[in-house]
Each structure stands twice: as structure tokens, then as C-alpha cells.
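Written out below as C-alpha cells is the structure these notes cover.
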Amino acid sequence: MRSQIDTNKLTVSALISSLALIMSYVEFLLPMPMPIPGIKLGIANLAILIALYKLGASYALPINLLRIAIAGLLFTGLFSTLYAASGALLSFAVMIFLKNTDKFSIVGVSMAGSVAHNLGQLLTAAFVMSTPHLFYYFPILLFAGMITGVLVGICAYELLKRLQKAF
């Protein structure tokens, strides 16, 4: 029975990985509606949240890293992959921590993850460019991260409700 469960999780992981990559591509294609650089919807994080809540961190982390690596190779390039990876790793650590406290809803976890993602990218940019002046931009990214994180979290919550029977 254990191998059947592992096979099921592996199959679902492959499906979620594919969905995360598709969501990354869709987001890559979307024109930026705001003149503010660096603000994205973060829709690929929807797949990561589903993986985290349904499969656990040990499955969600490789899905996240795989998505970043493949999306970087196909869509954005190596330099952007560095920013995506730093944001995603900090975001993932924050989301795991908050989820494990059982004091935050998936919406709260998503919002904190979105803000942490923006902070991780900002820290990387400040390091690469050797300037702390980039942190003046953080309030804008904080606000944007809160909004997009809540939107993605609400979508994840609704999707998880509908997926209850599938898992």
C-alpha cells in the first residue's frame, strides 16, 4: 500500500509541477499593468501552496525549485532565476514556518510568503548592486505583496475546498 501512496503523490507532484510551470509562463506573457517594476501577481505560487497543503513541504520544495529552474531556462534567463530563487526560498521558509504554527490561514500564509518573496528579491538586488538604497522601494513591494498574496491565498483556499474529494 505504501508504494501506491508514494506513486499517487509522485503523480500529483508531476501534475502540480506542470501546472506551476504553465502558471509561470502565463505570468511571463502577461503585460505589466503598472509602471512599477518587479510587481507580479505570483500566480505560480498557487500551485506551490496547493502542494504545501496537500503533499507537504518535502514535495512542495522540489516542485518549487523545479519550476524556478525550468522557467528560468525557458522564459527569463539565468540572472532572473537568481532573483526568483532567492525570493522563492525565503518565501517558502516563511510559509512553512507559519503553516506549522497552525495560527495562520492559507490566506495569511500566502500573504506572508508573497511579502517574503519580494523581500528576498530585494535583498538579492541590494547585494548584487551593492547598494542599500533599494530598500526605499520596500514599502511599495510590501503593499503589492500583501494584495497579491491575499488574492492568491483566496484562490488557493477555494481550490483546496474543491479538491477535498480528490485527495
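My numbering numbers the first residue of the sequence shown as 23 and each following residue consecutively.
Glycine is no exception: its CB is placed at the ideal position from the N, C-alpha and C atoms.
The structure displayed is predicted, hence computed values, not measured ones.
Less than 8 Å between the C-beta atoms of residue i and residue j, yes or no?
i	j	result
G109	H139	yes
R89	S35	no
I118	L71	no
T146	L111	no
I92	L43	yes
For residue i and residue j, what's the separation of their Cα atoms in angstroms?
i	j	result
F160	T29	43 Å
L32	L74	14 Å
A69	T153	34 Å
K194	L141	No answer is possible for residue 194: it lies beyond the span of the chain, which begins at 23 and ends at 189.
F157	L96	30 Å
A106	Q186	30 Å
I169	V131	13 Å
M45	V116	22 Å
M54	F101	19 Å
K183	L52	27 Å
M151	A178	35 Å
G78	F149	32 Å
L41	P59	25 Å
Considering Cα atoms alone, identify which of the options is closest to residue i.
i	options	result
Y47	S35, G94 and A79	G94
N67	M151, Q186 and G167	G167
L37	L52, Y81 and P53	Y81
G99	R184, A42 and F50	F50
A61	I162, Y179, M45 and R184	Per the sequence shown, residue 61 should be read as Ile rather than Ala. Taking only the C-alpha atoms, the option nearest I61 is I162.
S113	S102, Q143 and F101	Q143
L181	I65, V150 and A148	I65
Is the shortest distance between the beta-carbon of residue i and the beta-carbons of chain B less than 8 Å?
i	result
L32	Judged by its chain identifiers, the structure shown contains no chain B, having just a single protein chain.
**Request:** Determine contact between the segment 83-93 and the segment 123-138, defined as no fewer than three beta-carbon pairs at a distance below 8 Å.
**Result:** No, because fewer than three Cβ pairs between the segment 83-93 and the segment 123-138 fall closer than 8 Å, the two stretches do not touch.
**Prompt:** So does the segment 129-147 actually touch the segment 171-183, counting three or more Cβ pairs closer than 8 Å?
**Reply:** Touching, yes, given that three or more Cβ pairs across the two stretches are closer than 8 Å.
**Request:** Scan the segment 120-169 and note each continuous alpha helix (DSSP H) run of 4 residues or more that stays entirely inside, going in chain order.
**Result:** Those alpha helix (DSSP H) runs which fall completely within the segment 120-169 and span 4+ residues are 128-151.
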